[in-house]
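Chains as they are written, first to last, in the working numbering: chain A, 312 to 638; chain B, 312 to 638. All residues carry an ideal CB built from backbone N, CA and C; glycine is no exception. Before any comments, here is the structure.
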């Protein structure tokens, strides 16, 4: 693929709490090669930055390209990012990540221009440019996994807000007397519809004697339960798991409707680990519930879909960030 | 005030379901004169448009100006407005108002350039330009009265969304199993914290035997209860009314927090009839609850305040709309 001459490639990095993904893209956003590494966040900030650089080099090696052929590198990080200065303001899931000059550190290590952004914003950017060809004026990306976050494209541009923290949809209250959330409040979207919320409900029911095939699959402690296990359990006919997942999908539909009523976007795209694994089960319920709860004038003509980019949304969006940055 | 020569005045019209307000402003947005007329919506669309024109002329007469001195007229209407074509797409509280060419009809009657907008957007514009001197980049105006609506200034501009219906914050669900809302869903912001919601709770409690000074003031049917009556009852020491109002304020605080978490504005301004009448009682609770429910990074540096424009927000914003339109 790489011909050794063409310098028109971009690196996209998805920095997560447990893993780092790197992807090399050509200027048309076609993926040329990728690589994956565990984050090892507990080794500290410098070690993680070293691992990002290593993951980037490995992705390049995969597709026989080298850093000289890279015009720019983008990173989506799990926290608040100041895209102007290239600093990570804070990343709550990465110990020690407070006011880290990530752009500067990566440029030192790799010698290419670096651009940083918040992970949900970056995923939304990837969906917007790659999947939707930058056509919609207003698009909301809602990502449901361990937590829930969103990125907003308003008037064709990423919207950051006053402190660059816009899109904290996971802490929108939708059931004021609902279950306790990690943030200290009750009934947040994230406490009702995230993978964490579903696991909490299942684990607590199992403790109370609920039968489920999940205990056959994973043992009575349900250790290392993943989204894919929920899908397997449902496909094996486990009605309890199905009911729990579909209830979470209903909450997710209400969360989507709240975003629609407030922002009246043209497109709402859902992504994240839980949606990827349980798309077939959850999406019909999410779409139905969202349309029931959105005002008719507001939801007319709106498209609510799961992203096709799956796990690649982050690296794609990070490459878009780099492409936007250098041009 | 009018010297018969200067043509630098603007008319602002606030078209409501029960009353029409008109105000004449100079180019610095100082109010020169105003006028008020009942809407008489049941007389039909043409009659209401005639009354808007009459109200405008009466406001001019109040301050010894005439239409020749008016550069433009703005109208805030209770519904979806297409500001490009000057049509009211739909106004649910005004019978017959569907696809009405309000701009064209008023220009025919008054001979000045006319600009139309949604009432919450227009009020927000007034607060933004007059009260905040167009300084904040991101400002949300939330108006609590019979219903609840919002206007959004994002990146310094009014945000409309795909169908120009953005800001339908009143139908954001915050208590999924809460009381039924007019829209058919349960637990909408409007069903929990509007004047209508408070009146419903009070009326139902009185039916169940609850004692309140409101029945001394208004009779046992609580006919024609207004926001000001709630304030009077609280100031006479009515603990039941106080508790009901403060609970609504808590819900309002959660609604405000949801907007903050999603949009991370710099300023949230509250207005509307309920806030005007009960500002001293409600605002401390709204601010406290909103700050408790907003993520700390998101709410840091944010200002949450009641508008000082009160009843004049609509006419001021409509004048701003006209001033923006002609320049």
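- Between residue 331 of chain A and residue 357 of chain A, the C-beta spacing is not below 9 Å.
- Counted as a single uninterrupted DSSP element, the stretch harbouring residue 318 of chain B is not any beta strand (DSSP E), since DSSP gives it neither H nor E.
- Beta-carbon to beta-carbon, residue 442 of chain A and residue 619 of chain A are separated by about 6 Å, close enough to satisfy the 8 Å threshold.
- Residue environment: residue 338 of chain A is assigned as exposed (fewer than 16 neighbouring CB atoms within 10 Å of its CB, all protein chains considered).
- With its beta carbon at least 9 Å from every one in chain A, residue 597 of chain B lies outside the interface.
- Interface annotation, residue 530 of chain B: not in contact with chain A, CB-CB separation never under 9 Å.
- Scanning chain B for C-beta atoms nearer than 8 Å to the C-beta of residue 494 of chain A yields 606, reported in chain order.
- CA-to-CA, the gap between residue 344 of chain B and residue 336 of chain B works out to about 8 Å.
- Inter-residue distance for residue 394 of chain B and residue 347 of chain A is about 50 Å (C-alpha atoms, whole angstroms).
- Taking CB atoms only, residue 498 of chain A has a neighbour in chain B less than 9 Å away.
- The DSSP-derived three-state label of residue 434 of chain B is helix.
- By the C-beta density criterion, residue 468 of chain B is exposed, having fewer than 16 other C-beta atoms within 10 angstroms.
- In the three-state reduction of the DSSP assignment, residue 429 of chain B falls in the strand class, which pools E and B.
- With respect to residue 428 of chain A, residue 575 of chain B sits apart: the two C-beta atoms are not nearer than 9 Å.
- Minimum Cα-Cα distance from residue 333 of chain B among the listed residues B/521, B/379, B/319, B/366 corresponds to B/366.
- Chain A places a beta carbon closer than 9 Å to that of residue 474 of chain B, counting this residue as a contact.
- The three-state reading of DSSP puts residue 343 of chain B in strand, counting E and B together.
- Within the model, the alpha-carbon separation for residue 378 of chain B versus residue 341 of chain B is close to 18 Å.
- When A/456, A/638, A/637, A/624 are compared, the shortest CA-CA separation from residue 432 of chain A is found for A/624.
- Per DSSP, the unbroken alpha helix (DSSP H) holding residue 539 of chain A starts and ends at 538-546.
- Annotation: residue 360 of chain B to residue 534 of chain B spans about 30 Å, alpha carbon to alpha carbon.
- Around the beta-carbon of residue 414 of chain B, 16 or more other beta-carbon atoms lie within 10 Å, marking it buried.
- DSSP places residue 335 of chain A inside the beta strand (DSSP E), whose first and last residues are 330-337.
- Nearest to residue 630 of chain A by alpha-carbon distance, out of A/438, A/373, A/404, is A/438.
- A distance below 7 Å between beta-carbons, with the five flanking residues on each side excluded, links residue 601 of chain A to the following residues of its chain, in chain order: 564, 567, 568, 571, 615.
- Residue-level contact by beta carbon holds for residue 479 of chain B and chain A, with a gap shorter than 9 Å.
- Just so you know, the alpha carbons of residue 369 of chain A and residue 611 of chain B end up roughly 40 Å apart.
- Here residue 478 of chain B is buried: its Cβ has 16 or more other Cβ atoms, across all protein chains shown, within 10 Å.
- The Cβ of residue 509 of chain B sits no closer than 9 Å to any Cβ of chain A.
- Sequence-distant partners of residue 553 of chain A (beyond 5 residues in either direction) whose C-beta falls short of 6 Å from its own C-beta, in its chain, are 545.
- Non-local beta-carbon contacts of residue 401 of chain A in its own chain, meaning distances under 8 Å to residues more than five positions away in sequence, involve 390, 391, 408, 409, 410 in chain order.
- Beta-bridge annotation (DSSP): residue 499 of chain A is paired with A/484.
- With distances taken between CA atoms, residue 355 of chain B lies nearest to B/406 out of B/516, B/529, B/406.
- Under the Cβ distance rule, residue 449 of chain A counts among the residues neighbouring chain B, one pair being separated by less than 9 Å.
- Taking 9 Å as the cut-off, the Cβ atoms of residue 322 of chain B and residue 371 of chain B count as close.
- Assignment of beta strand (DSSP E) within the stretch 352-430 of chain A, counting only whole runs of 3 or more residues, yields 381-388, 391-393, 398-401, 409-411, 425-429 in chain order.
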